[in-house]
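In UniProt numbering, the protein residues as written are 1 to 65.
Every residue gets a Cβ at the ideal spot worked out from N, C-alpha and C, and that includes glycine.
From a predicted model like this one, the values you see are computed outputs, not experimental measurements.
Please read the structure below before turning to the comments.
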């Protein structure tokens, strides 16, 4: 039986396996949430849910391009 290991893993693959978008995308999401709350005074939970969906859309583009 042949077993190989890799010492490095591409960052995009690591975030996919972890199920966590890249930290840069999460920081941008937080910024968008803050700006929308400040501008509209909307419900934080609703804004966060919408922005999280946008983060996952952006992450999908990163992974598949």
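Beta-carbon spacing of residue i, residue j below 8 Å
| i | j | result |
| --- | --- | --- |
| residue 55 | residue 26 | yes |
Rounded separation between residue i and residue j - CA only
| i | j | result |
| --- | --- | --- |
| residue 29 | residue 23 | 10 Å |
| residue 38 | residue 58 | 23 Å |
| residue 49 | residue 18 | 20 Å |
| residue 21 | residue 5 | 24 Å |
| residue 13 | residue 7 | 14 Å |
| residue 42 | residue 36 | 7 Å |
Opening and closing residue of the alpha helix (DSSP H) in which residue i lies
| i | result |
| --- | --- |
| residue 14 | 11-18 |
| residue 40 | 23-40 |
| residue 53 | 44-64 |
Buried versus exposed call for residue i [16 or more other C-beta atoms within 10 Å across all chains shown]
| i | result |
| --- | --- |
| residue 44 | exposed |
| residue 96 | Within the shown structure, residues of the chain are numbered from 1 to 65, placing residue 96 beyond reach of any answer. |
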